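These notes concern the structure reproduced below.
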Amino acid sequence: MKTITIRTQSKQYPTMIGHGASELLAPFLKDNFPSLTKLFIITDEHIHQLHFESFIEQLQDFQSIVSYVVPNGEKAKTFEVYYQLLTFALEQKLDRKSMILSLGGGAVGDVSGFVAGTFMRGIPFVQIPTTILAHDSAVGGKVAINHPLGKNLIGVFHQPEAVIYDLNFLGTLPQKEKRSGFAEVFKEALIADGQFYQWLLTHIDSLDSLSSDHLAYFLEQGMRIKGSIVAEDEKETGVRAFLNLGHTLGHAIEAELGYGQITHGEAVAIGTIFALRLSSELLDLDFNHQQLEDWLRKLGYRIDLPKQLDNNKLLNRMKLDKKSVGQNVHFVLLEKIGVPKMVEVQDVLLLQKLEEFKVKGEKMND
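Count along the sequence shown starting at 1, add 1432, and that's the number in the numbering used here.
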C-alpha cells in the first residue's frame, strides 16, 4: 500500500493506492469527518453490478447511506443526469455535513465531483476510482460534464478529500478500458519523464497480462507526475495545461464520433501521435515515431484518424477547446520528451496536417 500526498493551493489530501485500499475508507472517514450526517454514493450500472454490494459492506458502521446509479461512460456526464443527481440529493435532505462518494471510473468521478462542487456551493467528496483511466482524472479536482458542442466544457475545480484507489477493482476491466486508461499513463511519461517512458516501452508488452507489480508501479508513477503538476498549477493557468497532450484532437474525435463511440484514451492516443508528429515538424522534436506506433499497435490501439471524420468539423471542435484563444487552436507539443510547450497552430497548416495524417493512416490500413 502506498500513500501519495497531493498538495494544492487550496487543499492537501492523500491518495491511497494498493490492493484492498478501499478497506481504508471507513477509518479515514471516522478519523477525519466525525460529524458526517449522510453518505451519498454515486456509481454506474456496471460497477453497481460488480462491486457495490461488497463495497457497501465496508461502510456498515455508517447509519445514513443513500446511493444513485448513473448510466455507464460518457452518458453519465449530461445536464440531465447532473440535474437528476442534484434533485436526488435535495430529496434525500443532504446538507453541508454530507459527503459524496464517487465509486467508478472517470465519468462517474467527473459528474460526482461536479455535483459535490456545486451542491450548496460545495460539499466534500472522495474519489474511489475503479479504472486505470481514473488514476489521472481522480487527482487534481477538475470535475465537469459535457456539452453537445464539446467535452468537459461545463465544470469547476473542486478537490476531493481523498483518493482511495483499490487495485482489486481493476481485475474486472475489459480490454478497451485498459487501453483507455493506459493512454494517459504514456502521455504522462512523455510530458514529464523520459526514463519512465523508456520503462514503459521495455516492460509493458501486453495489456492482457499485466503483472500486479507493473500495474501498481506505472499507476503510482502516473499519479506522482499528475500530483506534482497540480501542486504547481491547481487552476490550469500555466503548466497544468501540458497534461492535455493529445487531448485537443482527442476530444474533437470523441465529440465528432459521438460520445461513447470511442473511448477517451483511445482518442487521446490518436491525438498524441498527431501532436508528436506536429512537434517534429514545428519544434524539431527528435523522436522515434515508428517505435511508439509499433508498440501501440502491439498493445491493440488504433492509431489512425477515422476516415469518416471531416477535417473542417474537427477544426471547429478544436476551436472550442479550453486552451484555444480567440478562435486560434493551441496544441501541447514537445520540444523533447519531458519538455512540453504550448504552440498556436494556424488553421491552414492544421488542416493540411490532418489530411496528411488521415492519408497516412489509410495507406497503413490498405
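For each residue, glycine too, the CB sits at the ideal point set by N, CA and C.
None of the values given here were measured: they were computed from a predicted structure.
Beta strand (DSSP E) runs contained entirely in the region 1743–1773, provided each spans 3 or more residues: 1761–1768
For Tyr1597: DSSP bridge partner residues: Ile1449
Within the continuous beta strand (DSSP E) that includes Ser1534, where are the two ends? Met1531 to Gly1536
Alpha carbon of Met1774 to alpha carbon of Val1761, nearest angstrom: 10 angstroms
Could you check how far apart the C-beta atoms of Glu1609 and Leu1565 are, in whole angstroms? I think they sit under 8 angstroms. 7 angstroms
contact_flag[the region 1491–1503, the region 1458–1476] where n(CB pairs < 8 angstroms) is 3 or more: yes
Could you name the residues that DSSP lists as bridge partners for Tyr1500? Ile1474
Bridge partners of Arg1439, per DSSP? Gln1444
Runs of alpha helix (DSSP H) lying entirely within the region 1577–1626, each at least 4 residues, in chain order: 1607–1624
Considering only the beta carbon of each residue, do Gly1703 and His1679 sit closer than 8 angstroms? yes
Could you tell me how far apart the beta carbons of Arg1749 and Glu1688 are, in whole angstroms, since I believe they sit closer than 8 angstroms? 6 angstroms
Taking the straight line between their C-alpha atoms, what separation do you get for Phe1789 and Leu1737? 7 angstroms
For a quick check, are the C-beta atoms of Lys1619 and Val1671 less than 8 angstroms apart? no
Member of Lys1745, Glu1593, Ser1711 and Ser1660 whose CA lies at the smallest distance from the CA of Leu1677: Ser1711
Outcome for Leu1599 when other beta-carbon atoms lying within 10 angstroms are tallied against a minimum of 16: Classification for Leu1599: buried.
Name the two residues that bound the continuous alpha helix (DSSP H) containing Phe1557. Unbroken run through Phe1557 is the beta strand (DSSP E), Phe1557 to Pro1561; no alpha helix (DSSP H).
Buried or exposed: which applies to Phe1511, given that a residue is buried once 16 or more other Cβ atoms fall within 10 Å of its Cβ? The residue is exposed, with fewer than 16 neighbouring Cβ atoms inside 10 Å.
Name, in chain order, the residues that DSSP records as bridge partners for Lys1785. Beta-bridge pairing links Lys1785 to no other residue.
In terms of residues, what are the limits of the alpha helix (DSSP H) holding Phe1520? Phe1511 to Glu1523
What did DSSP end up calling Glu1652 once you bin it into helix, strand or coil? Correct three-state label for Glu1652: helix.
Counting only the same chain and skipping the five closest in sequence on each side, list residues whose C-beta sits under 6 angstroms from that of Pro1556. Met1531 and Glu1593
What is the DSSP secondary structure of Val1780, reduced to helix, strand or coil? helix
Expressed to the nearest angstrom, what Euclidean distance is found between the alpha-carbon atoms of Leu1581 and Leu1741? Each residue's alpha carbon lies about 16 angstroms from the other.
Give the DSSP-derived three-state secondary structure of Val1547 in the structure shown. The answer is helix: DSSP assigns Val1547 an H, G or I state.
Nearest-angstrom Cβ-Cβ length linking Ala1576 and Val1595, presumed shorter than 8 angstroms: So it is not a contact: roughly 17 angstroms between Cβ atoms.
Glu1686: buried (16+ other C-beta within 10 angstroms of its C-beta) or exposed? Buried, since its Cβ has 16 or more Cβ neighbours within 10 Å.
Host alpha helix (DSSP H) of Asn1676 (start-end): Per DSSP, Asn1676 belongs to no alpha helix (DSSP H) and is neither H nor E.
Tell me whether Leu1730 sits in a helix, a strand or coil according to DSSP, three-state version. Per the sequence presented here, residue 1730 reads as Lys, with Leu not at that position. Reduced to three states, the DSSP call for Lys1730 is helix.
Give me, in chain order, the residues of the same chain whose beta-carbon lies closer than 8 angstroms to that of Leu1783; leave out the 5 immediate sequence neighbours on both sides. Asn1743, Asn1744 and Leu1747
Is DSSP giving Val1571 helix, strand or coil here? coil
Would you kindly check if the distance between the Cβ of Phe1601 and the Cβ of Leu1526 is under 8 angstroms? no
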